[in-house]
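A short worksheet on the structure shown next.
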Amino acid sequence: MAQKIYLKKLDAIRGFAASYIVITHWMPSLMFVPEIIHKGFFSFGQEIVMLFFLLSGFGIYLSFYRNPDLGFKSYFIRRFRRIYFPFLLALLLSIVIVYLNGKVLNTFPWRELIGNLLMVQDISELKPGTWVEPFLGNLPLWALSYEWWFYLLFYPCYKFLFKNPNRIYFILLFSFVSYLTYLIIPNQASLIFSYFIVWWCGLEAAEVFIRQRRFTFTNMKSIMFCLVFMSTLAAIPVLAADQIRFGYYPFLIFRHFVAAFLAIFIGLLWYSKRLIYFDTILGIFTVVAPISYGIYLFHYPLLIRWELSSYLSNVWIVYSIKFALILGLAYLTEVKLQPLVNRWIK
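Okay, so the sequence shown: first residue is 23 according to the working numbering, each after it adds one.
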């Protein structure tokens, strides 16, 4: 019963995270919102992505724990259809939005499309060494490349390392070497692998919960150590930088690791207080949890890229249409179509 209760709370967190990211992207267009509200409360989308990584690792372990004998083929198919079906629809949606905006692609971005299909997209403006941009400006897709490669790395690591009690430190070493490599030769692969420890910390947290049925600062100390270690490592290029910009490399990567640590630390503090007021604050977000992935994928093309205001002057009608389409498309994709895809691709 406890496991089901906490899974529901994870759903609430996931629903909140997706909703928060939508608001952070929407907020700059709302001119009546004071800048202090925007900057002070809704400028932490990058940190929320780290929360997504932790939740993803946690969820994968719970899923795999129930099916420990799952072969790689079955595991790959499950991950592929879950990630790629909504992702492909998001790519198609971006193309549709370009044409709805009355723009013609003189040269189709084939390299960008192929790079996104191979899951190596990232935002070059924010960090060096990236290979391709998120397809047609759907910027949130950057996180999908990380998630996909974390899923692929998980299976061999689980099979070969999981019985080793020091496995988290092997993953830490892998991310440590990857980040050092990235500092020497900036490249997308090393950057993605640098973050694997964040995702793995979510997995380790799930293992702690399954094994001990509770969280304490003692049983989570190895997780916190790894995140403090990577935060310290990421601080070195920040201290050496001539200019520090909050949303750009090298400070951005430092932000990410610190955010992951704070998510664990604050979560432990809240847990020690029996998650007081959790349901009051976050419980409502369980409603959108089943479609949170679709919301994350579809909101940016529809809410930000689509120039619907060129046809409709009333801004609230515009936003009503956009939000209805975001929620409707996410629901159609995740609740109605995804089960059909799951039955078709086995």
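We put the CB at the ideal spot given by N, CA and C, even for glycine.
Buried or exposed for residue 358, please, with buried defined as at least 16 other CB atoms from any protein chain shown within 10 angstroms of its CB. The count along the sequence shown starts at 1 and reaches residue 358 at position 336. Residue 358 should be labelled exposed.
Between which two residues does the alpha helix (DSSP H) containing residue 241 stretch? Looking up residue 241 in the sequence shown gives position 219. It is not in any alpha helix (DSSP H) - residue 241 carries neither H nor E in the DSSP assignment.
Residue 104, enclosing alpha helix (DSSP H) - first and last residue: Position 82 of the sequence shown, counting from 1, holds the residue named residue 104. Start and end: 94–122.
Residues bridged to residue 154 by DSSP? Within the sequence shown, residue 154 is the residue found at index 132, counting from 1. Beta-bridge annotation (DSSP): residue 154 is paired with 143.
To the nearest angstrom, how far is it from the Cα of residue 120 to the Cα of residue 344? Translated into positions along the sequence shown, residue 120 becomes position 98. Translated into positions along the sequence shown, residue 344 becomes position 322. Each residue's Cα considered, the two are about 15 Å apart.
Quick check on DSSP: helix, strand or coil for residue 269? As a working mapping, residue 269 is identified with position 247 in the sequence shown. In the structure shown, residue 269 sits in coil (DSSP, three-state: anything other than H, G, I, E or B).
4-residue-minimum alpha helix (DSSP H) runs that sit fully inside the region 293–364, ordered along the chain: Runs found: 300–304, 314–321, 337–353.
Apart from the five residues just before and just after residue 313, which ones in its own chain have a Cβ nearer than 6 Å to its Cβ? In the sequence shown, residue 313 corresponds to position 291, counting from 1. Result list for residue 313: 352, 353, 356, in chain order.
With three or more beta-carbon pairs closer than 8 Å as the criterion, would you say the region 236–248 touches the region 27–46? No contact exists between the region 236–248 and the region 27–46.
Start-to-end residues for the alpha helix (DSSP H) that takes in residue 72: Here residue 72 is taken as the residue at index 50 of the sequence shown, counted from 1. Start and end: 67–88.
Go to residue 224, then tell me how far its alpha helix (DSSP H) extends in each direction, as first and last residue. On the sequence shown, position 202 is the one that residue 224 refers to. Residues 218–234.
Less than 8 Å between the CB atoms is what I'm expecting for residue 360 and residue 107, so what's the real figure, rounded? On the sequence shown, position 338 is the one that residue 360 refers to. On the sequence shown, position 85 is the one that residue 107 refers to. About 6 Å separates the CB atoms of residue 360 and residue 107; that is less than 8 Å, so the two are in contact.
Assuming residue 43 and residue 70 are in contact, meaning their beta carbons sit under 8 Å apart, how far apart are those beta carbons, in whole angstroms? Numbered from 1 along the sequence shown, position 21 holds the residue referred to as residue 43. Numbered from 1 along the sequence shown, position 48 holds the residue referred to as residue 70. By a beta-carbon distance limit of 8 Å, residue 43 contacts residue 70. Their separation comes to about 6 Å.
Do you know offhand how far residue 22's Cα is from residue 190's? Absent from the structure is residue 22, since the part of the chain shown begins at 23 and ends at 368.
Take residue 209 as the anchor and find which of 296, 339, 143 has the nearest alpha-carbon. Residue numbering aside, residue 209 sits at position 187 when the sequence shown is read from its first letter. The shortest Cα separation from residue 209 among 296, 339, 143 belongs to 143.
Of the listed residues 116, 85, 257, nearest to residue 371 (C-alpha basis): The question about residue 371 has no answer here: the residues shown for the chain are numbered 23 through 368.
Same chain, Cβ closer than 7 Å to residue 322, five either side skipped, listed in chain order: Numbered from its first residue, the sequence shown carries residue 322 at position 300. Counting only Cβ-Cβ distances below 7 Å, and skipping sequence neighbours, we find 47, 160, 161, 162.
Taking the beta carbon of residue 277 as the centre, do at least 16 other beta carbons fall within 10 Å, making it buried, or is it exposed? Position 255 of the sequence shown, counting from 1, holds the residue named residue 277. With a 10 Å radius around the Cβ and a threshold of 16 neighbouring Cβ atoms, residue 277 comes out buried.
Rounded to whole angstroms, what is the Cα-Cα separation between residue 291 and residue 126? Here residue 291 refers to the residue found at position 269 when the sequence shown is read from its first residue. Here residue 126 refers to the residue found at position 104 when the sequence shown is read from its first residue. Near 53 Å, if we compare the C-alpha coordinates of residue 126 and residue 291.
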